[in-house]
Each structure stands twice: as structure tokens, then as C-alpha cells.
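> Residue numbers (numbering that gives the first Met the number 0), protein chains in the order written: chain A, 0 to 247; chain B, 0 to 247.
Number of protein chains: 2
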Amino acid sequence: MLEHIAVVLFRPKYPENIGSVARACLNMGCGRIVLVDPWNWDLDKALPLATHHARHLLDNVEIYPTLAEALRPFSFVYGTTARTGGWRKSLLLPEEAASAISAQRTEGEEIALVFGPEDKGLTNEETDLCHHLLTIPTTENLTSLNLSQAVMVVLYECFRKSQTKPFKVAGYPKERYIRHAEREILFAQLRETLVDIDYLKPDNPEYFMLSIKRFLNRVNPRLNEYNQLMGLCRQLRRIVRIAKGKGL
Amino acid sequence: MLEHIAVVLFRPKYPENIGSVARACLNMGCGRIVLVDPWNWDLDKALPLATHHARHLLDNVEIYPTLAEALRPFSFVYGTTARTGGWRKSLLLPEEAASAISAQRTEGEEIALVFGPEDKGLTNEETDLCHHLLTIPTTENLTSLNLSQAVMVVLYECFRKSQTKPFKVAGYPKERYIRHAEREILFAQLRETLVDIDYLKPDNPEYFMLSIKRFLNRVNPRLNEYNQLMGLCRQLRRIVRIAKGKGL
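(1) Grab me the residues of M208 (chain B)'s own chain with a C-beta within less than 6 angstroms of its C-beta, minus the 5 sequence neighbours each way, in chain order.
(2) In its own chain, which residues sit with a C-beta less than 6 angstroms from the C-beta of I100 (chain A), not counting the 5 before and 5 after it?
(3) Of all Cβ atoms in chain A, is any one closer than 8 angstroms to the Cβ of Y155 (chain B)?
(4) Ordered along the chain, which non-local residues of its own chain (more than five positions away) have a Cβ less than 8 angstroms from that of V33 (chain B)?
(5) Going by the DSSP bridge assignment, what does G78 (chain B) pair with across the sheet?
(6) Since M229 (chain B) contacts Q188 (chain B) with CB under 8 angstroms, what's their CB separation in whole angstroms?
(7) Whether or not the region 225–244 of chain A and the region 7–21 of chain B are in contact is what I'm after, with contact meaning three or more pairs of Cβ atoms, one per stretch, closer than 8 angstroms; do they touch?
(8) Any beta carbon from chain A within less than 8 angstroms of N145 (chain B)'s own beta carbon?
(9) Going by DSSP, what residue range makes up the alpha helix (DSSP H) through E156 (chain B)?
(10) With a cut-off of 8 angstroms, does the C-beta of A169 (chain A) fall near any C-beta of chain B?
(11) Cβ atoms of F75 (chain B) and Q103 (chain B): under 8 angstroms apart, would you say?
(12) Buried or exposed: where does M27 (chain B) fall if 16 or more other Cβ atoms within 10 Å of its Cβ makes it buried?
(13) Keeping to the same chain, check which residues put their C-beta closer than 6 angstroms to that of F166 (chain B); ignore five residues upstream and five downstream.
(14) According to DSSP, V35 (chain A) sits in a beta bridge with which residue or residues?
(15) Nearest CA to the CA of A180 (chain B): which residue from B:Y225, B:E117, B:E106?
(16) How many angstroms separate the CA atom of I184 (chain B) from the CA atom of T65 (chain B)?
(17) Counting only C-beta atoms, is A69 (chain A) closer than 8 angstroms to chain B at any point?
(18) Where do the N-terminal and C-terminal ends of the alpha helix (DSSP H) with S19 (chain A) fall, by residue?
(19) Taking Cβ positions only, does V152 (chain B) come closer than 8 angstroms to chain A?
(20) Which one or two residues does DSSP pair with Y176 (chain A) in a beta bridge?
(21) For the alpha helix (DSSP H) that K248 (chain B) lies in, which residues bound it at each end?
(22) Can you check which of these residues, A:A23, A:A67, A:F214, is closest to A53 (chain A) by C-alpha distance?
(23) Please work out which residues of its chain come closer than 7 angstroms, Cβ to Cβ, to N123 (chain A), disregarding the five sequence neighbours upstream and downstream, and give them in chain order.
(24) Which of the residues in the region 12–42 of chain A, read from start to end, lie with their CB under 7 angstroms from any CB of chain B?
(25) Could one say the Cβ of M208 (chain B) lies closer than 8 angstroms to chain A's Cβ atoms, at least one of them?
(26) Smallest Cα separation from A97 (chain A): which of A:S161, A:G115, A:A45, A:Y206?
(27) Pick helix, strand or coil for L215 (chain B), following the three-state DSSP scheme.
(28) My guess is that L132 (chain A) and L92 (chain A) are in contact by the Cβ rule of under 8 angstroms, so how many angstroms apart are they, rounded?
(29) Quick one: what's got a C-beta closer than 8 angstroms to R250 (chain A)'s C-beta in the same chain, skipping five residues either side?
(30) I'd like to know if F9 (chain A) contacts chain B, where contact means its C-beta is closer than 8 angstroms to some C-beta of that chain.
(31) Does the distance from the CB of P204 (chain A) to the CB of V194 (chain A) come in under 8 angstroms?
(32) Could you please give the first and the last residue of the uninterrupted alpha helix (DSSP H) stretch that includes S98 (chain B)?
(33) Going along chain A in order, which residues have a C-beta closer than 9 angstroms to the C-beta of F158 (chain B)?
(34) Since V256 (chain B) contacts Y77 (chain B) with CB under 8 angstroms, what's their CB separation in whole angstroms?
(35) To the nearest angstrom, how far is it from the Cα of V168 (chain B) to the Cα of C129 (chain B)?
(36) Compare the C-alpha of P136 (chain A) against each of B:N223, B:R159, B:Y13, B:V35 and name the closest.
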């Protein structure tokens, strides 16, 4: 069973596709489906494609108005994209992502697999919220994968990896990884601190924040590290306030 | 591109599923779809699911009345099944089958991937015609995989293997493997020969033939070996005729 994994569908257009996704989830043992701002969500249209075996997955579907809200409880967020320009370096193959996910699941972390709308996929706005991006290799770039077939491939790779237990290093229990919501708070705190200390220009901090975001996504901070970084930022900003009060 | 691979759908029930299969084939670079005795085949119902990019695959679909006829030109036939009882030992995982298929494709052999009807899958009658069987692991045995999702997983594994070239041993060119039609001729010739020499009982030769069939499926005879075996059988039967004429 793929515990701790949720399939997050961002603005899916066709309830039938959500039904097909539910069937794929059932077969691969993924028990959680999250819909973000779905278009024309209709359980009755989704059910025939899900078969009655997967009905409970559709009955328990979670719905959020925005992707940012939907992602809050997750420690690791994997976005899927067919767009390889620009991002090429940091794109994972499904089997690579599955290996990482397998280790993260074993630690009890919550993982979101995000899939975009059928016609357009995820835009930069959504992929910016994802900690990692993966792509399913295809021959044709003219057309895209069917939504449920894409979900099936990613879940199948995760399922296969779940059947061979990842190597676990013995040792004392580690602190959990930070959740998506905490990550966003940390980003905001870092951004404001770096502006305060005049490292970032206040008119366009996002450009410089991008490399810091990518770095943090790669290192996956744990809770104790998060607390240390937040404390460090608070201390820096306190010093800056004092320094600027003295006319610096 | 997955040249030399055909997706063979045995008695598919829903044209929409055939459309979804065509889309999966297009994305994975598989250019050949064969339908065997399809129920209510309707291009207009299949097209929306295929998207117009995959239209040529549906326009060029091949249709046969029986699986035996459809399989004649193929050197290697892989059947997919969810039934693991009895066959368990000889079932391949998709990634295992994909490794073998990758090597076979590189030699220019024609390969058929056979998928059964949506509701029942392949029965023993059809799996007997397949040289190898593969199964897609799932958690739930209550339900089956969606047809196009199953096709997608198998083609994806083949596609991934096609991106890493198999190791090729240098040496003189080998004879091609025998086609399915030749395999059937060889089985028939062996069966009759073994009955003639009183090795098999004429009332139920199939039971004993099964292990011989499996052996031949494992060794994958090449054309020169086929000719030798056929010649050996002819010679044996000639001797038996002479011996029996002498009252043996």
C-alpha cells in the first residue's frame, strides 16, 4: 500500500478522468485524492470510470480552492510537467522520484504528487509551489499524456519501489521534515530578512529568492533546522532594527 | 520509437478504450495496433479519446477474426494477465519483459503485446498462444486495471528500456527467430511425430505437449533450428512408416 501519498489534481476538467485516476489509485494502493478548484466536478460522471471498487476514494475526495492551501500538510511536493525547457536540469524521471519517495514514505512523511489540467499542465505559478519536478519521457511532444495514464505511470513506479524496502540507516530518531506551510513561512522570513539587511533589493526580491528556494528544496530542512533558521532570521532583523535606529 | 512492437487487443469491448490505447501508443512511439474480433468497433467513438494526433494509428488499425491469425507474423508474443494462479512461476514483470523485448527489437524481430477484454482478460485458450506471459503487479485483486492504463505501463517500460541500448555481442549475423505461424507448424509436426512414435497417446496429446511448448517458448528457436527440427521429424515419421509396414 502506498500510505502517505496523495494524488493532487490541479483544476482537472473532466470528472471522467478523475474516475480513471481513482481506479489507478485503487490498483496501486494510493488512498488519497485531492482536487484543487476542479471544473464541473460531478461524482456521477466519475463513478463509472472508477468502477464501484474505487467508490470510497471518490466519496472521500478532498477539495481545496487553491493549490497553496491544498499543499499545506505535505512535507514533499512533486509536480509533474511535460515542459522541459529551462527546468531540464532539475527534472526527475518517475523512477528517480519513486526512489526518493519510497525513502520519505518510510519515514512517515506526507507526499503530494501534483498533476496539472488535461490541456495545459502546470504553469510556472504552480510549479513554483512544488519542491521537486518530474517528467514522464515520451516520444511525441505534440500531444500530452492522458491524465490517468500519467498518474498510473508515476504510481506504478512508486508501487514497485514500495515492494523493495529501502535501506534504512540505524541511529537515533530524526526530527520530521518541515511541511509545505512551514516552508512557505521560512521563505517569507528569509526574504524579508534579506531585504532588511540590504542583501535583496525590495523591488524584485523574487528573482534572487529563486536560487535560495531551490537550495532549500534540495536540502529538505528538518524541524530543528527550521527552528534554527527562523531564530537566526529573528536575531538578524532585531540587530538591523537597532542598527538602523542608530542611523546606519 | 518502439519499432517492431504491436499492441494486440483481443475482443476489446469499448471503442473509447481503443482510442485511449492509441494515445498511449503515440506517446510511447508504438505505431501498430491490432484488433482481434473487436466488439462494436467504432472509429468515431474512439477518436476523441485518441486526440487527433493519434488518428493515423486508428486509421491504420489491423483487424483479424481470430488471435491465431493475428499472431502469425510475430516472432515473440507476450500475453498480459492478472491471473497469477498456476502460472506464477513463468510470469514476467513488465520491466523484465521490457528487457527481453528491447534485445529482440534490436535484432529486428516482430513483437506482439496481447491484452485481453476489459472484463475478463485473456483466458487459457488465448494464453496458450502466447510465448510468454507478463503481469502488472497491483495491490487489489478485486478489480482489474483499466485497459489503456495497462497498455501504458507496459509500453512505458519498453520505452524506457529503448532509451538505453542493449549490449550487443559482436559476431556473425544470426538467423532470425521463427514466427508465430512457424512455431504453430513446428508444434503440430512435433505432436504428430510423437504420436507416431508412440511417445504420446493419441487420445490426449495436449497435456504432454504443454511442457514441450513451454520449453520451445523458452529457447525461442531460430530459423535454422526450426528447419533442423522439421527435418528430424520428417525423417522419424518416414522410419516409423517403414517400421510399421514391417509389422512393428
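A virtual CB, placed ideally from N, CA and C, is assigned to each residue, including glycine.
All of these numbers come straight from a predicted model, not from anything done at the bench.
So, from the data block:
(1) R190
(2) I110, C157
(3) yes
(4) A5, V6, V7, L8, V60, E61, I62, Y63, A69, A111
(5) B:V113, B:L132
(6) 6 angstroms
(7) no
(8) yes
(9) 146–161
(10) Interpretation of A169 (chain A) is limited by its pLDDT of 49, a score under 50 that renders its predicted location unreliable; the figure taken from the coordinates is listed afterwards. Not an interface residue.
(11) yes
(12) buried
(13) Per-residue confidence for F166 (chain B) stands at a pLDDT of 49, beneath the threshold of 50, marking its modelled position as unreliable; the derived number appears in the next sentence. Answer for F166 (chain B): no residue qualifies.
(14) A:F9, A:Y63
(15) B:Y225
(16) 17 angstroms
(17) no
(18) 14–27
(19) yes
(20) A:R221
(21) Residue 248 (chain B) falls outside the range modelled here, since chain B spans only 0 to 247, and no answer is possible.
(22) A:A23
(23) none
(24) S19, R22, A23, L25, N26, M27, G28
(25) no
(26) A:S161
(27) helix
(28) Contact doesn't hold; Cβ gap of about 11 angstroms is too wide.
(29) Because chain A in this structure spans residues 0 to 247, residue 250 (chain A) falls outside the shown range and cannot be described.
(30) no
(31) yes
(32) 93–105
(33) P136, T137, T138
(34) With chain B running from 0 to 247 in the structure shown, residue 256 (chain B) is simply not present.
(35) Bear in mind that a pLDDT of 48 at V168 (chain B), under 50, signals an unreliable position, so the model cannot answer this.
(36) B:R159
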